[in-house]
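From first to last, the protein sequence lines are chains A and B.
Position 157 of the first sequence, counting from 1, maps to 156 under numbering that gives the first Met the number 0, and the rest follow consecutively.
Position 59 of the second sequence, counting from 1, maps to 58 under numbering that gives the first Met the number 0, and the rest follow consecutively.
All C-beta atoms, glycine included, are put in the ideal place defined by N, C-alpha and C.
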Amino acid sequence: MTWARTYALRFRPYEVSKVASTYGGAGGYGDFTYGQEATDPLSNVEATLAPAAGDWPNEVGWVYRIGETGALFQAVVLTLDGAMGLSAFTSAALILERASTGDRVVLARPLELTEEDTLEYEWGVEDLVEQGVYRVLVQLVAESGRPMTVSANDSATLIVRAGA
Amino acid sequence: MPWFRETKTLNDPLPPQTLTLRRGDRLPAFAASLEDGRGAIIDLTDAAAFMTLRPLRAGVEQPAHLVRLPLTIESEVGGFVSYDWQYTDTADAPASEYDVIVEVVYPSGMVISLPTQDMGVIVNIRPSISSGHFEVDSSGALVPDGEGGYVVT
């Protein structure tokens with residue numbers, strides 16, 4: 000009787016640069032990218048979306064009221080190593096889709112990528128008009144044109160409550 | 000919130016590791032190390048590696064374009080492979096969880112398949128971010144309408 004050899008695959012956080020890189024910056028994921036600044040990092044790390052610290056930290060989450068325009072939408076993209084740098088991305092879009100009962104409400108708005116690696120949007124008067132719980136998705140587009148969705152597993156939600 | 004886990008002992012079964020993408024996404028990439036059951040790295044010197052995504056959802060037929068995708072060997076002695084998702088890979092794939100099977104073919108003709116355990120590594124392709132509501136371009140990005148929004152289909 001012989002033993003069968005078994006095999007395993009393991010995902011590993013690893014940043015693979017698929018284009019020519021220049022020396023000088025710091026990689027975010029270990030020895031392979033240390034000292035290189037990848038122009039288009041091809042990260043295999045799954046990311047999640049989370050609220051960024053705002054000016055009025057009374058509640059950790061995206062909670063607004065109908066018609067509210069004073070509070071920004073702010074988010075960070077989190078990976079295993081912490082907040083993900085957004086320098087490799089050129090654009091981002093916010094998509095909200097109402098998940099609670101009622102007519103289907105879908106909204107898409109462009110996000111600003113800040114130097115502090117946060118995503119921001121200033122609500123317009125016609126944005127938050129329907130009460131409900133919304134699924135939050137962000138599409139990031141890299142310099143190469145590669146799109147990435149965060150949070151891909153629909154784990155982020157936003158609440159719009161009734162107004163005054 | 001780590002989405003991959005290491006076993007604690009050799010007797011612990013490795014729970015499924017899942018990579019979630021939306022249809023049309025090209026990031027995050029697929030990258031994995033190939034090991035045997037004891038954790039020893041599999042040498043990929045002169046080898047070729049291919050990945051097949053087998054649908055797990057009932058009623059979903061095997062997409063032909065997700066069979067034997069050629070993997071890039073990033074490190075031969077490190078047993079490290081990667082795959083750069085193309086737009087059509089995920090855009091043309093039915094939404095489903097997919098069981099990942101990697102085949103390594105050596106010049107001698109020897110073939111090994113990983114992982115040995117079914118559903119050890121899963122790629123979860125979920126519906127498109129556009130929700131069928133917004134137009135996307137050939138690379139999968141939403142199309143701006145020039146007025147601060149995006150084109151609605």
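query                                                                                                                                                                            : result
At what residues does the beta strand (DSSP E) containing Tyr82(B) begin and finish?                                                                                             : Phe79 to Tyr82
Note down, in chain order, every chain B residue with its Cβ under 8 Å from the Cβ of Tyr6(A).                                                                                   : Leu33, Glu34, Asp35, Gly36, Ile41, Ile111, Ser112, Leu113, Pro114 and Thr115
Starting from Thr89(B) and walking both ways along the alpha helix (DSSP H), at which residues does that stretch end?                                                            : Tyr86 to Ala90
Report the option in Gly162(A), Thr5(A), Glu67(A) and Ala98(A) whose CA atom is closest to the CA atom of Tyr120(A).                                                             : Glu67(A)
Three-state secondary structure (DSSP) at Ala63(B)?                                                                                                                              : helix
How many angstroms separate the CA atom of Val211(A) from the CA atom of Ala49(A)?                                                                                               : The displayed coordinates of chain A run from 0 to 163. Any statement about residue 211(A) would go beyond what the structure contains.
Helix, strand or coil for Thr148(A)? Go by DSSP, reduced to three states.                                                                                                        : strand
Figure out for me which residue from Val120(B), Ser81(B), Gly23(B) and Thr115(B) has the closest Cα to the Cα of Val99(B).                                                       : Val120(B)
With a threshold of 9 Å between beta-carbons, can Arg53(B) be considered close to chain A, or not?                                                                               : no
Would DSSP call Gly131(A) helix, strand or coil?                                                                                                                                 : strand
Quick one: does Tyr105(B) have its CB under 9 Å from some CB of chain A?                                                                                                         : no
Quick check on DSSP: helix, strand or coil for Thr21(A)?                                                                                                                         : Because Thr21(A) carries a pLDDT of 36, less than 50, the predicted location of this residue cannot be relied on, and no value is offered for it.
Once the 5 residues before and after Arg21(B) are set aside, which same chain residues still bring their CB inside 8 Å of it?                                                    : Thr89, Ile124, Arg125, Pro126, Ser127 and Ile128
Starting from Leu118(A), follow its DSSP beta bridges and name the residues at the other end.                                                                                    : Ala74(A) and Leu112(A)
With 7 Å as the limit, tell me which residues of the segment 101-120 of chain A have their beta carbon closer than that to any beta carbon of chain B; keep them in chain order. : Val105, Ala107, Arg108 and Pro109
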